[in-house]
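Working notes, beginning with the structure itself.
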Amino acid sequence: MRDFAYHRATTLEQAGPLAARAESAILAGGTTLLDLAKCDVVRPAEVVDITHLPGLADIRADAESLHLGALVRMAAAMRHVAVRAACPAVAQALALSASAQIRNMATLGGNLLQRTRCAYYRDPASFPACNRRTPGSGCAAAGGVTHHHALLGTSEACIATYPGDLAVALVAVGAVIEIGTRWMPAEDFFLLPGETPHREFALEPGEIVTALCIPASAASRRSAYLKLRDRASYEFASVSVAAGLELAADGTIADVRLALGGVATIPWRLHAVEAALTGRHPTPATLREASLLAMQGATPRPDNRHKLDLAPRLVHRALEQLLQGDAA
Amino acid sequence: MSPLDISPQRGDAGDGIGGRPPRIDGLAKIRGEAAYAMDQPVEGLAHAVLVTATIAAGWVRGIDRTAAEAAPGVLLVLTPGNTPPLHAASTWTGEAPPTSEYRPLEPEIRHVGQQIALVVAESLEQATEAATLLRVDYEAAPFLADFTVPDAGEGQDLPPLTIERGDADTALASADIRISAEYGTPREYNVPIEPHGLTARWDGDALTLWEPSQWLDGMARNYAEWFGIGFEQVRLISPYIGGGFGSKALALPHGAIAAQAARMLGRPVKLVLTRPQTFTAFGGRAATRQLLELGADADGHLLAIRHRGWQETSRNGLWVEPLNAATALMYEVPHLSSRQRVVPVNTVTPSAKRAPGENPSAFALECAMDELAYALGQDPLALRLRNEPGRDPHSGKLWSSRRMREAYAAGADSFGWARRNPTPGAMRDGPLRLGWGMAAGTYPVRRSAGEAMVRILADGGVEVASSTSDMGTGAYTILAQTAASVFGLPLARVRVTLGDSTLPRAPVSGGSQMAGLMTGAVDKAARAAREELIGLALNDPRSPLRGVANTLAVAEGRLIAPRGEAPPLPIAELLTAIGRDRVEALRDTLAENGLKPEDRYRAFTTVSTMRAPTDGEYSMHSWCAHFVELAVDEALGSVRLRRIVTAFDAGLLYNPRLAESQIKGGIVMGIGQALLEGGIVDRRHARVLNNNLADYLLPTHADIPPIEVISVGEPDPHASALGGKGVGELGIVGLAAAIANAVFHATGKRVRDLPITLADLC
Ligand SMILES: Cc1cc2nc3c(=O)[nH]c(=O)nc-3n(C[C@H](O)[C@H](O)[C@H](O)COP(=O)(O)OP(=O)(O)OC[C@H]3O[C@@H](n4cnc5c(N)ncnc54)[C@H](O)[C@@H]3O)c2cc1C
Numbered sequence: 001m002r003d004f005a006y007h008r009a010t011t012l013e014q015a016g017p018l019a020a021r022a023e024s025a026i027l028a029g030g031t032t033l034l035d036l037a038k039c040d041v042v043r044p045a046e047v048v049d050i051t052h053l054p055g056l057a058d059i060r061a062d063a064e065s066l067h068l069g070a071l072v073r074m075a076a077a078m079r080h081v082a083v084r085a086a087c088p089a090v091a092q093a094l095a096l097s098a099s100a101q102i103r104n105m106a107t108l109g110g111n112l113l114q115r116t117r118c119a120y121y122r123d124p125a126s127f128p129a130c131n132r133r134t135p136g137s138g139c140a141a142a143g144g145v146t147h148h149h150a151l152l153g154t155s156e157a158c159i160a161t162y163p164g165d166l167a168v169a170l171v172a173v174g175a176v177i178e179i180g181t182r183w184m185p186a187e188d189f190f191l192l193p194g195e196t197p198h199r200e201f202a203l204e205p206g207e208i209v210t211a212l213c214i215p216a217s218a219a220s221r222r223s224a225y226l227k228l229r230d231r232a233s234y235e236f237a238s239v240s241v242a243a244g245l246e247l248a249a250d251g252t253i254a255d256v257r258l259a260l261g262g263v264a265t266i267p268w269r270l271h272a273v274e275a276a277l278t279g280r281h282p283t284p285a286t287l288r289e290a291s292l293l294a295m296q297g298a299t300p301r302p303d304n305r306h307k308l309d310l311a312p313r314l315v316h317r318a319l320e321q322l323l324q325g326d327a328a
Numbered sequence: 001m002s003p004l005d006i007s008p009q010r011g012d013a014g015d016g017i018g019g020r021p022p023r024i025d026g027l028a029k030i031r032g033e034a035a036y037a038m039d040q041p042v043e044g045l046a047h048a049v050l051v052t053a054t055i056a057a058g059w060v061r062g063i064d065r066t067a068a069e070a071a072p073g074v075l076l077v078l079t080p081g082n083t084p085p086l087h088a089a090s091t092w093t094g095e096a097p098p099t100s101e102y103r104p105l106e107p108e109i110r111h112v113g114q115q116i117a118l119v120v121a122e123s124l125e126q127a128t129e130a131a132t133l134l135r136v137d138y139e140a141a142p143f144l145a146d147f148t149v150p151d152a153g154e155g156q157d158l159p160p161l162t163i164e165r166g167d168a169d170t171a172l173a174s175a176d177i178r179i180s181a182e183y184g185t186p187r188e189y190n191v192p193i194e195p196h197g198l199t200a201r202w203d204g205d206a207l208t209l210w211e212p213s214q215w216l217d218g219m220a221r222n223y224a225e226w227f228g229i230g231f232e233q234v235r236l237i238s239p240y241i242g243g244g245f246g247s248k249a250l251a252l253p254h255g256a257i258a259a260q261a262a263r264m265l266g267r268p269v270k271l272v273l274t275r276p277q278t279f280t281a282f283g284g285r286a287a288t289r290q291l292l293e294l295g296a297d298a299d300g301h302l303l304a305i306r307h308r309g310w311q312e313t314s315r316n317g318l319w320v321e322p323l324n325a326a327t328a329l330m331y332e333v334p335h336l337s338s339r340q341r342v343v344p345v346n347t348v349t350p351s352a353k354r355a356p357g358e359n360p361s362a363f364a365l366e367c368a369m370d371e372l373a374y375a376l377g378q379d380p381l382a383l384r385l386r387n388e389p390g391r392d393p394h395s396g397k398l399w400s401s402r403r404m405r406e407a408y409a410a411g412a413d414s415f416g417w418a419r420r421n422p423t424p425g426a427m428r429d430g431p432l433r434l435g436w437g438m439a440a441g442t443y444p445v446r447r448s449a450g451e452a453m454v455r456i457l458a459d460g461g462v463e464v465a466s467s468t469s470d471m472g473t474g475a476y477t478i479l480a481q482t483a484a485s486v487f488g489l490p491l492a493r494v495r496v497t498l499g500d501s502t503l504p505r506a507p508v509s510g511g512s513q514m515a516g517l518m519t520g521a522v523d524k525a526a527r528a529a530r531e532e533l534i535g536l537a538l539n540d541p542r543s544p545l546r547g548v549a550n551t552l553a554v555a556e557g558r559l560i561a562p563r564g565e566a567p568p569l570p571i572a573e574l575l576t577a578i579g580r581d582r583v584e585a586l587r588d589t590l591a592e593n594g595l596k597p598e599d600r601y602r603a604f605t606t607v608s609t610m611r612a613p614t615d616g617e618y619s620m621h622s623w624c625a626h627f628v629e630l631a632v633d634e635a636l637g638s639v640r641l642r643r644i645v646t647a648f649d650a651g652l653l654y655n656p657r658l659a660e661s662q663i664k665g666g667i668v669m670g671i672g673q674a675l676l677e678g679g680i681v682d683r684r685h686a687r688v689l690n691n692n693l694a695d696y697l698l699p700t701h702a703d704i705p706p707i708e709v710i711s712v713g714e715p716d717p718h719a720s721a722l723g724g725k726g727v728g729e730l731g732i733v734g735l736a737a738a739i740a741n742a743v744f745h746a747t748g749k750r751v752r753d754l755p756i757t758l759a760d761l762c
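Residue numbers (UniProt numbering), protein chains in the order written: chain C, 1 to 328; chain V, 1 to 762.
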């Protein structure tokens, strides 16, 4: 039987070094970690349970920001009035994620660090080649079934999609990740695969995400998350959009925040679309044209080509909804 | 009992046949108290893990067991090289095996996921870990990933399915209106929530198996033959089933190897398949393709159907999914040509999934009828009514009952079909386009003999026993209701014991035949027990009712003299008075099914005596009409159902609440088939990638709209003893077509390959 050591950390100072050891893994809600262990993708020799660390499960809001502790459960965050007020996109992204059971267990920190759903990555016994799992081993997905694979941010080495919803909303609204005493924009937290797809997050061994911070902004307060998928619930996004909008007094777009999920190797901020909209009047034509920029630079495959059209339409829809919300 | 006898209780809330009591096993299940086969505690258990092939074709040259055998707790490692053969068993259809030996672990590999080794250890975790330590040396061979790869070819003809009625080619050529289209369904998997598995224990030469089973006697026979022991030496126990949908009717290779390990070890062994293994240890519905050409005159009378079907099977087994099962009998059509081919590929042998045959057949036919209606400019419902056949166009026999018109009328009325604007895309709700679609479905009445024991107990209660199984469909409840009707007892006084092969026998719970045949057997046994009780009351010297009347009735647990010659006598008091602790009757319905006592074993352990729907004077089938409303987000391509109305004729419903549940369950499964389900094959490896419940999409609650089901059936005295027809599989038949037709109505797009997804509609 494959044994592993279990540590229940009680302080951050204690948890860090334990987690830094080779073959050690941090355990929060466990919904990703246990899943990957069952698939044989991870084989930790030591598990560091951080769920008993004090002070990491708070939700606080003030004039400057919304602070979400890394150990806040997805279910708690999505229901919290402060979250709903400060950033509806985050609350909606969480509510549309996974299942009620998983949301009750899973933490926000763990959620950011969930791994790709690439079927080739998740089945090492059948598909030994995976650069993300085993650097230099190749990519079994290339040339395979790739309708869920990324069109944006891909590399020769890896085309696996980042599957999470929360991170897409966080990236859109310019959230900041707190790692102990270090801070980092959410956008920088997720690493493009490039030639090193096994390096997925900008974390050093033993570093623990302690909180997510969403700076207060009008665009965040007026934000939404749309998630498109075949099944009405309990499915990862085929395409998703997080959108935030602030209109100036003259009706022009003062600030707009957009990010895509389900189509890229990392949560994909739409800077080009944002730039095309900022300062403009949100006319239907402007919205449509700007949305068309969403998939700029995409590398489609035969079985995911339809997302080239879907993603811009979903961006357009999200913007329309935010504008309608204004009229109402 | 004739159907008329019981009509007074039909539809009321009583406990007898036709009443609507909830499932008597429901509370236990909700509370987690119902112990399923694999929940049974067995002392001294060892745990097994199945190891499966990672290549699609070739040979296992050798398996290095050294590391696995040395791992902690490991008791036994079975591989092709060290596993003695079993005896080959005859088939479920009753044919002798082609070879004398059966090797549950074969060195020749024919599909990914084929079992190649079994590791048994003290704990599940130890076995799981040791299983990863086996080193398998393969010699790979070329393979066919599925029937779309060019090398798979056109496959072999299936002559028994050929139909040539009239001259379809000529009639098509002269038809005013013609449509031609090709329809496809992917591999669909049964994936019951309770995975397959078993616990096997040997006591000398006697084998006890705790294993979920839709057919205890058939599986017990199979195990007996494999191990060269007598049928009576096998005891199979399956108190409940956590879903099977056709996949738990047969003894399977993993059962053979687990039972063999138990025998070799001299210890009970438990094996439960992992979720991915439930995609390869047994087959689901075969992938299918159908080419349909329909020809009609300008008024919409069907003239001809030309039907060509292809389906997958495996390289080493033939599974036939009869693709013209509905095509041949739904409509009045003088000319029909139908052929089917079967294409062997490197997959596990496909098998039965809810309504094998009728389901894909109706999908293609009912979509084609919709296409024809549009080609004609007619309402799809009107087109169907125009082509309603007065008798079975295939066999020429009269229908025992076909209340299809009533189903169309009731369904259309409740749905509001008359308000439909036929133009595609014309009905809207804000940015959403609404689709209203309809389709019909059918499922045959299959009949087999049953056997049951009914025992009147000293306290006046009644026991019913049979080896038939309750798959969650409600067998416990309707069999209790059957006895309750005969004795006029409340349900609480009837105890039903099922799911044990040592009980009176029963054939397969498949083909939607169980309810009809088992209510018949229980009714017969209950009446026999009642007759004996009345005989004792009238004739036993110690009976208080001796000589008071010529006959007695039984109601509310009491014996009643017809004209009040004596006060009603509780059954319990009679038994006390005459010194009996029970009165029981064991009855079978072999004779009713044209069988002799010597056919008994064959009748219950094979399907060789199962009667076709046209065996006899009539052609017998259940019928349904589905009406579906959905909304398509045009820009985004997402489909969401809004409501479904299904009207059906399944004859008398033994318990309308449970029958409605079965129809709804079929509809829910049909929603999955239409919009979500399908095995995704990586053709480079012949591997199904979505072999788990996160990636193989089944409908969630959020996918299911309000469903209304309406019974328009009347008792059909030809179909079964009490007048019911099959219910379990009916609801799924035609549902996917109704959805596909609604999608067309919403969008103007014909999607002919299931499932219909975002990628098709955006
Ligand atoms: C069937 C299924 C469906 C799902 N559907 C969705 C969906 O639709 N949308 C979606 O967004 N997600 C979905 N998920 C993913 C789910 O949301 C994540 O599994 C969950 O959020 C992970 O949180 P956790 O606390 O359980 O993480 P864990 O499993 O405990 O940890 C996950 C990873 O993060 C690391 N980790 C955890 N906390 C920290 C920390 N504070 N600092 C540093 N490292 C840490 C762990 O070492 C591990 O590598 C689904 C999951 C499943 C199994």
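Here a beta-carbon is modelled for each residue, glycine too, at the ideal position from N, C-alpha and C.
Does at least one heavy atom of ligand 1 sit under 7 angstroms from the Cβ of Gln156 of chain V?
Along the second sequence, read from residue 1 onward, the residue named residue 156 of chain V stands at position 156. Not one heavy atom of ligand 1 sits closer than 7 angstroms to the Cβ of Gln156 of chain V.
Compare the C-beta of Ala218 of chain C against all C-beta atoms of chain V and say whether one is closer than 8 angstroms.
Residue 218 of chain C sits at position 218 when you count from the first residue of the first sequence. Not an interface residue.
Drop a sphere of 10 angstroms on the beta-carbon of Lys596 of chain V, count the other beta-carbons inside from all chains shown, and report buried for 16 or more, exposed for fewer.
The residue given as residue 596 of chain V occupies position 596 in the second sequence. Looking at its Cβ environment, which holds fewer than 16 other Cβ atoms inside 10 Å, Lys596 of chain V is exposed.
Sequence-distant residues of its chain with Cβ nearer than 8 angstroms to Gln126 of chain V (five each side left out):
The residue you call residue 126 of chain V lines up with position 126 of the second sequence. So the qualifying residues of the chain are His47, Ala71, Pro72, Gly73, Val74.
Give a single yes or no on whether Pro163 of chain C has its beta carbon closer than 7 angstroms to a heavy atom of ligand 1.
Along the first sequence, one-based indexing puts residue 163 of chain C at 163. At least one heavy atom of ligand 1 is nearer than 7 angstroms to the Cβ of Pro163 of chain C, so yes.
Could you compute how far the alpha carbon of His87 of chain V sits from the alpha carbon of Val234 of chain V?
Working through the second sequence from its first residue, we reach residue 87 of chain V at position 87. Working through the second sequence from its first residue, we reach residue 234 of chain V at position 234. A straight-line Cα-Cα distance of about 15 angstroms links His87 of chain V and Val234 of chain V.
Beta-carbon neighbours of Tyr121 of chain C, restricted to chain V and to distances below 7 angstroms
Indexing the first sequence from 1 puts residue 121 of chain C at position 121. When 7 angstroms is used as the limit between beta carbons, Tyr121 of chain C is near no residue of chain V, the shortest such separation being about 11 angstroms.
Check whether the Cβ of Val209 of chain C lies closer than 7 angstroms to any heavy atom of ligand 1, and answer yes or no.
Within the first sequence, the letter at position 209 stands for residue 209 of chain C. Within the cutoff, so yes.
Beta carbon of Leu292 of chain V nearer than 8 angstroms to that of Glu332 of chain V:
Walking along the second sequence from the start, residue 292 of chain V turns up at place 292. Walking along the second sequence from the start, residue 332 of chain V turns up at place 332. It is not a contact, given that the beta carbons lie outside the stated cut-off.
Flag this pair as yes or no: are the beta carbons of Ala57 of chain V and Ala140 of chain V separated by less than 8 angstroms?
The residue labelled residue 57 of chain V in the question sits at position 57 within the second sequence. The residue labelled residue 140 of chain V in the question sits at position 140 within the second sequence. Taking 8 angstroms as the cut-off, the Cβ atoms of Ala57 of chain V and Ala140 of chain V count as close.
Residue range of the alpha helix (DSSP H) that includes Ser661 of chain V:
Position 661 of the second sequence, counted from the first residue, corresponds to residue 661 of chain V. Unbroken alpha helix (DSSP H) run through Ser661 of chain V: 656 to 675.
With distance defined between alpha-carbon atoms, name the residue in C:Ile208, C:Arg288, C:Ser238 nearest to Asp165 of chain C.
Your numbering for residue 165 of chain C matches position 165 in the first sequence. Selected option, being the one with the closest Cα: C:Ser238.
Would Ser501 of chain V and Ser467 of chain V be called neighbours here (beta carbons separated by less than 8 angstroms)?
One-based indexing of the second sequence puts residue 501 of chain V at position 501. One-based indexing of the second sequence puts residue 467 of chain V at position 467. Their beta carbons are under 8 angstroms apart, which means Ser501 of chain V touches Ser467 of chain V by this criterion.
Comparing alpha-carbon positions, which option in V:Ala506, V:Thr700, V:Leu434 lies nearest His745 of chain V?
Reading the second sequence from its first residue, position 745 is the one you call residue 745 of chain V. For His745 of chain V, the nearest C-alpha among the options comes from V:Leu434.
Whole-angstrom C-beta distance between Thr278 of chain V and Val733 of chain V, which should lie under 8 angstroms
The count along the second sequence starts at 1 and reaches residue 733 of chain V at position 733. The count along the second sequence starts at 1 and reaches residue 278 of chain V at position 278. Contact between Val733 of chain V and Thr278 of chain V does not hold, since the beta-carbon distance rounds to 24 angstroms and is not under 8 angstroms.
For ligand 1, any of its heavy atoms closer than 7 angstroms to the Cβ of Gln101 of chain C?
Residue 101 of chain C sits at position 101 when you count from the first residue of the first sequence. Every heavy atom of ligand 1 is 7 angstroms or more from the Cβ of Gln101 of chain C, so no.
Where Leu652 of chain V falls: helix, strand or coil (DSSP)
Position 652 of the second sequence, counting from 1, holds the residue named residue 652 of chain V. Coil at Leu652 of chain V, not helix or strand.
Run the CB neighbour count on Tyr120 of chain C, radius 10 Å, all protein chains shown included, and call it buried at 16 or more, exposed below.
As a position in the first sequence, residue 120 of chain C is number 120, starting the count at 1. Buried is the call here.
With distances taken from CA atoms, which of V:Leu252, V:Arg354, V:Thr99 is nearest Gln114 of chain V?
To locate residue 114 of chain V, count along the second sequence from 1; it is residue 114. When each option's Cα is compared against that of Gln114 of chain V, the closest is V:Leu252.
From the DSSP output, in three-state form, read off Thr473 of chain V for me.
One-based indexing of the second sequence puts residue 473 of chain V at position 473. Correct three-state label for Thr473 of chain V: coil.
Identify the contact partners of Asp682 of chain V in chain C, using a Cβ-Cβ distance below 7 angstroms as the criterion.
Locating residue 682 of chain V in the second sequence gives position 682, counting from the first residue. What Asp682 of chain V touches in chain C: Gly144, Val145.
Nearest neighbour of Ala106 of chain C, chosen from C:Ala57, C:Leu152, C:Arg132 [CA to CA]
Residue 106 of chain C sits at position 106 when you count from the first residue of the first sequence. Here the closest residue by C-alpha is C:Ala57.
Are there three or more Cβ pairs, one per stretch, closer than 8 angstroms when the segment 39 to 56 of chain C is compared with the segment 80 to 96 of chain C?
Segment contact: the segment 39 to 56 of chain C against the segment 80 to 96 of chain C, fewer than three CB-CB distances shorter than 8 angstroms; contact not assigned.
Express the C-alpha separation of Gly679 of chain V and Glu156 of chain C in angstroms, rounding to a whole number.
Looking up residue 156 of chain C in the first sequence gives position 156. Looking up residue 679 of chain V in the second sequence gives position 679. Roughly 28 angstroms between the two C-alpha positions.
Assuming Pro380 of chain V contacts Leu329 of chain V under a Cβ cut-off of 8 angstroms, what Cβ separation, rounded to an integer in Å, is found between them?
Translated into the one-based positions of the second sequence, residue 380 of chain V becomes position 380. Translated into the one-based positions of the second sequence, residue 329 of chain V becomes position 329. A Cβ-Cβ distance of about 19 angstroms is found for the pair Pro380 of chain V and Leu329 of chain V, leaving them out of contact under the 8 angstroms criterion.
Ile671 of chain V vs Thr646 of chain V beta-carbon contact at 8 angstroms:
Your numbering for residue 671 of chain V matches position 671 in the second sequence. Your numbering for residue 646 of chain V matches position 646 in the second sequence. Going by C-beta atoms, Ile671 of chain V is not nearer than 8 angstroms to Thr646 of chain V.
Under 7 angstroms: does the beta carbon of Asp35 of chain C sit that close to some heavy atom of ligand 1?
Translated into the one-based positions of the first sequence, residue 35 of chain C becomes position 35. Yes, since a heavy atom of ligand 1 falls inside the 7 angstroms radius drawn around the Cβ of Asp35 of chain C.
Apart from the five residues on each side of it in sequence, which residues of its chain come closer than 7 angstroms, Cβ to Cβ, to Leu676 of chain V?
Counted from its first residue, the second sequence places residue 676 of chain V at position 676. Excluding sequence neighbours, Leu676 of chain V sits near Leu697, Leu698, Pro699, Pro755.
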